[in-house]
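The sequence shown begins at 64 in the working numbering and counts up by one. Structure first, then comments.
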Amino acid sequence: MKPIYLALSKPSERVPLCGSRFWGHPDLPRGYPYPCFPDADGDPFEYTFICQINLSEAAPYDTEGRLPHRGLLSFFAKIEHYLGRFDGGDSLSGYISEPEDVKVLFFPEVGSPGIPTDFEGVVLVDDRGRPIGPEELRIDFSRRPSGRYCDEHALFAPPTHREWETWDPPFEDWEILLQVDSFSGEDFQLNFMDFGVLVFLIAPQDLAQGHFERVRGIVLST
């Protein structure tokens, strides 16, 4: 299984609607609610948006045909603590998460970036009307790490940060769908337990069928 690396860079202009971006805001169908989870008090709290991947942009690098070659795949997770925020309850840890600790959305109807007209950017703001979260970074794809933020962000990353032979049961054969590395930028510092990684795990049969509803997460640090 060959990894597809995410090369991140500060864009000279805004990433197009439904284009591949890291941080910033997600593009969602008009009227689609921003994904939330219940916090410690039972009130809805927004997941942290990590990235969205337009699969038509990743397709030339998916030589093994592991993913659909069109559609928008969006990743959210409980990682507030790793960004220095402590207002959303518990974050992901070094154990395989429950399904509700991460959220992966797949919109198969999305084609090339900039074409959808029934999607819109959903920007979360604080009490002063300022956007919450870091500024967007552009995602390009590569067969090897490259770019200014040349960290280990990758689709189908090998489990090199796992210190044991397999995942705990019943997830022994699950695969890494996306790996997000610790890194920092002008307006954020993302640190997964002593500069580790966050991985999204998927069952092989779900990946083969293009189903992303049961994805789990775990933080690894070696």
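Glycine included, each C-beta is placed from N, C-alpha and C at the ideal position. Source: prediction; values computed, not measured.
> When you compare only the Cα positions, how much space is there between F182 and E228?
Replying inline: 42 Å
> To the nearest angstrom, how far is it from the Cα of A260 to the Cα of L71?
Replying inline: The question names Ala, yet the displayed sequence has Val at residue 260. Near 16 Å, if we compare the C-alpha coordinates of L71 and V260.
> What number of angstroms, rounded off, separates the C-alpha of L69 from the C-alpha of P107?
Replying inline: 31 Å
>> Considering just the uninterrupted stretch of the beta strand (DSSP E) at P101, what are its terminal residues?
In response: C99 to P101
>> Taking the alpha-carbon of A271 as reference, which of P208, E172 and E127 has the nearest alpha-carbon?
In response: E127
>> So within the region 206-278, which uninterrupted beta strand (DSSP E) runs reach at least 3 residues, ignoring any that extend past its ends?
In response: 238-244, 246-248, 251-253 and 260-265
>> For the structure I just gave you, are there three or more beta carbon pairs, one from the region 128-138 and one from the region 188-204, closer than 8 Å?
In response: no
> Candidates S284, E109, S137 and P101: which alpha carbon is nearest I202's?
Replying inline: S137
> According to the Cβ coordinates, are F112 and P92 closer than 9 Å?
Replying inline: no
> Which residue comes first and which comes last in the alpha helix (DSSP H) that contains E109?
Replying inline: It is not in any alpha helix (DSSP H) - E109 instead sits in the beta strand (DSSP E) that spans P107 to E109.
>> With H, G and I counted as helix, E and B as strand and the rest as coil, what does DSSP make of Y95?
In response: coil
>> Going by C-alpha to C-alpha distance, which of K141, E120 and Y158 sits closest to V167?
In response: K141
> CB C114 to CB R148, shorter than 9 Å?
Replying inline: no
>> Less than 7 Å between C-beta atoms, sequence neighbours within five positions excluded: which residues of the same chain meet that for R193?
In response: none
> To the nearest whole angstrom, what separates the beta carbons of D257 and E215, a pair I think is in contact under 8 Å?
Replying inline: Going by Cβ atoms, the distance from D257 to E215 rounds to 15 Å, so no, they are not a contact pair.
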